[in-house]
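**Q** Using UniProt numbering, you'd call the opening residue of the sequence shown number 1 and step up by one each time. Glycine included, each C-beta is placed from N, C-alpha and C at the ideal position.
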Amino acid sequence: MAKAPKSSTSKYKNQNAVYEEVENIIGKHPAEELFGSHLHAEDSPTDSNIPHRSLNHGSTGREQTIEQLRAALIEHHVSAAMIAQDRRKIKNLRALGYPVDESSVYRFPTSDTTRKGNLAEVFLAEYICASSGASLPVYRLRYNPNIEQSMKGDDVLAFDFTSKRPRILIGEAKFRGTPSKKAIQDIVSGLVRSHNAGLPASLQFVADRLYELNQIELADRVEDCSIKMAQGRLDLSYVGLLLSDDKSKSKVHEHTTAELRSLVMISLGIDAPGNLVEDCFDGIEEIAHADPD
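1. R233 to D224, Cα distance in whole Å?
2. Taking DSSP as the reference, what is the three-state secondary structure of G36?
3. What does a CB cutoff of less than 7 Å around V188 pick up in its chain, not counting 5 residues either side in sequence?
4. Are there 16 or more other CB atoms within 10 angstroms of the CB of I287, so buried, or fewer, so exposed?
5. How would you label S267, buried or exposed, when you count the other beta carbons within 10 angstroms and need 16 or more for buried?
6. According to DSSP, simplified to helix, strand and coil, what is residue 298?
7. Just to confirm before moving on: does the CB-CB distance between P179 and S244 stay below 8 Å?
8. What's the gap between the Cα of K116 and the Cα of D160?
9. Look at the alpha carbon of K182 and the alpha carbon of G58, and state the distance between them as a whole number of angstroms.
10. Give me the Cβ distance between G177 and P273, rounded to the nearest whole Å; I'm assuming they're in contact under 8 Å.
11. By a C-beta neighbour count over all protein chains shown, 10 Å radius and 16 as the cutoff for buried, is K251 buried or exposed?
12. Check whether the Cβ atoms of H29 and A41 lie closer than 8 Å to each other.
13. Could you tell me whether the Cβ atoms of Y73 and I227 are closer together than 8 Å?
14. Flag R115 as yes when its Cβ comes closer than 7 Å to any non-hydrogen atom of the ligand FAD, and as no otherwise.
15. Which residues in the same chain as E254 place their Cβ atom closer than 8 Å to its Cβ, once the five residues preceding and following it in sequence are excluded?
16. Hey, which unbroken runs of the alpha helix (DSSP H) at 4 residues or more fall wholly within the segment 40 to 121?
17. Which residue from A84, F205, K164, L34 puts its Cα closest to that of R140?
18. Looking at S248: is its Cβ nearer than 8 Å to the Cβ of I25?
19. Taking 7 Å as the limit between beta carbons, can you name the residues of its chain near Q149, skipping five residues before and five after?
20. Would a C-beta distance cut-off of 8 Å place L218 and K174 closer than the cut-off?
21. So, is I128 buried or exposed, given that buried needs 16 or more other C-beta atoms within 10 angstroms?
22. Under the three-state reduction of DSSP, which class applies to A258: helix, strand or coil?
23. What residues are listed by DSSP as bridge partners for E23?
24. Per the DSSP calculation, M151 is bridged to which residue(s)?
25. Just to confirm, are I147 and F108 a CB contact at a threshold of 8 Å?
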C-alpha cells in the first residue's frame, strides 16, 4: 500500500474543527454506561490529517468494564431463543445422565485469536451505535457457522435512517496485543476495499436475516440502500478501530494513511489487553446459560 505523505501542517485550523469532523461521522463520545464511565476520549487529527478519536481506559473500573463487555459479547453471540434451546438440551442430557460439559452446547469461541477479534468487533459495534445513534439491526456473530473462526464480511454495518439520506457506517476492527503499523494498514486497506466495491459486502446478508425474522419494513429499507446508492442518495461512512495497549494512540497517529473521505479512526488503549480478553470470556458459557430463576 502506498503511504500517504505526512503533512506538518494540519488542515484543521483549531481543535473545534477536529471535534466537528469526528462528530459529523460518529457523534459525541457517549457520556454513560460502558463508554462514559471509565473511558477518556480525545479527538485530534492523525499525521495524515485523518480524524482520530483516542480512547483510554482509566486506572479504575476495570471489573465494571469487563462485566459490561461480557454482557455485550453474550448479546452479540446468542439470542434469548438460542439460550432457551440450549437450556432444554442441557436439561434433557442431564436427565439421560450426561454431564453438561459433554453436551456439546457451545456458543462462544475458545480460540484466542477469534476471541480477540470478536471482542474488538463487538466493542466497535457498540461504540458506533452509542455515539452516532445508528442501529445494528442484526447481530451477525449469531450466524457464524464455525464459532472458532472469524466470520467473513464487514465487521460492523450500522444504519442511520433518521435523515432524508440514509447512511451506513462500515466498521473494521483489529485487536493487537502490541499496536503495529501493519495492523493499522490492514484496517485502512479493509475499509478501502469496501469503499471501492461500492455497496457493503454484507448488506444483502443483513436484509436476508431481517426477512427471516419477519422484520419486513426494516429489511425493505436495508435492501433499498442499493437503489439509493445507484441514485446517489446514500451516504457511507467508515470507522476503523485498533484495540491494543497504551501506545495505540501514537501508532494510529503515525501510520494511518489518507485514502478515504468520511473516515474516522478510533484507538482504544488499555493496560494488558490480552488479559481483558481472557477476563471477558472467562465463564461466559455458564453465565449465558445460567437459569434466570
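**A** Based on what the coordinates show:
1. Position 233 of the sequence shown, counted from the start, is the residue given in the question as residue 233. Position 224 of the sequence shown, counted from the start, is the residue given in the question as residue 224. Those two C-alpha atoms are separated by around 11 Å.
2. For this step, residue 36 is matched to residue 36 along the sequence shown. Reduced to three states, the DSSP call for G36 is helix.
3. Locating residue 188 in the sequence shown gives position 188, where the first residue counts as 1. Hits under 7 Å: G240, T256, T257, E259.
4. Counting from 1 along the sequence shown, the entry for residue 287 is found at position 287. I287 comes out exposed.
5. As a first step, residue 267 must be located in the sequence shown, where it is residue number 267. Its Cβ being crowded by 16 or more others within 10 Å, S267 is buried.
6. Any answer about residue 298 is impossible in this case: the structure gives the chain only from 1 up to 293.
7. For the purposes of this step, residue 179 is taken as residue 179 along the sequence shown, with counting starting at 1. For the purposes of this step, residue 244 is taken as residue 244 along the sequence shown, with counting starting at 1. Yes; because the gap between Cβ atoms is below 8 Å, this pair is in contact.
8. If you number the sequence shown from 1, residue 116 lands on position 116. If you number the sequence shown from 1, residue 160 lands on position 160. Taking the straight line joining both Cα atoms gives about 27 Å.
9. One-based indexing of the sequence shown puts residue 182 at position 182. One-based indexing of the sequence shown puts residue 58 at position 58. Using only the alpha carbons, I get a separation of about 27 Å.
10. Counting from one through the sequence shown, the residue named residue 177 turns up at place 177. Counting from one through the sequence shown, the residue named residue 273 turns up at place 273. 6 Å between Cβ atoms; contact.
11. Counting from one through the sequence shown, the residue named residue 251 turns up at place 251. Residue burial annotation: K251 is buried, with at least 16 other C-beta atoms found within 10 angstroms of its C-beta.
12. Position 29 of the sequence shown holds residue 29. Position 41 of the sequence shown holds residue 41. Cβ atoms of H29 and A41: closer than 8 Å.
13. One-based indexing of the sequence shown puts residue 73 at position 73. One-based indexing of the sequence shown puts residue 227 at position 227. Correcting the residue type first, residue 73 is Leu in the shown sequence and not Tyr. The answer is no: Cβ separation not under 8 Å.
14. The model on display carries no ligand, and the ligand FAD is accordingly not part of it.
15. Taking the sequence shown and counting its residues from 1, one reaches residue 254 at position 254. Result list for E254: T46, D47, K181, in chain order.
16. DSSP runs (the alpha helix (DSSP H)) wholly in the segment 40 to 121: 62 to 77, 80 to 95.
17. Here the question's residue 140 lines up with position 140 in the sequence shown. Considering only alpha carbons, the answer is F205.
18. On the sequence shown, residue 248 is found 248 positions in, with the first residue counted as 1. On the sequence shown, residue 25 is found 25 positions in, with the first residue counted as 1. No, the pair does not count as a contact, with Cβ atoms beyond the cut-off.
19. Here residue 149 corresponds to residue number 149 of the sequence shown, with the count starting at 1. Excluding positions up to five away in sequence, the list reads T114.
20. Taking the sequence shown and counting its residues from 1, one reaches residue 218 at position 218. Taking the sequence shown and counting its residues from 1, one reaches residue 174 at position 174. Taking 8 Å as the Cβ cut-off, L218 and K174 do not qualify as a contacting pair.
21. To locate residue 128, count along the sequence shown from 1; it is residue 128. Result: buried.
22. Reading the sequence shown from its first residue, position 258 is the one you call residue 258. A258 sits in coil when the DSSP states are folded into three classes, being neither helix nor strand.
23. As a first step, residue 23 is located in the sequence shown; it is residue number 23 there, counting from the start. In DSSP, E23 forms no bridge with anything.
24. As a first step, residue 151 must be located in the sequence shown, where it is residue number 151. M151 pairs with nothing; no bridge assigned.
25. Locating residue 147 in the sequence shown gives position 147, where the first residue counts as 1. Locating residue 108 in the sequence shown gives position 108, where the first residue counts as 1. Contact flag set, yes.
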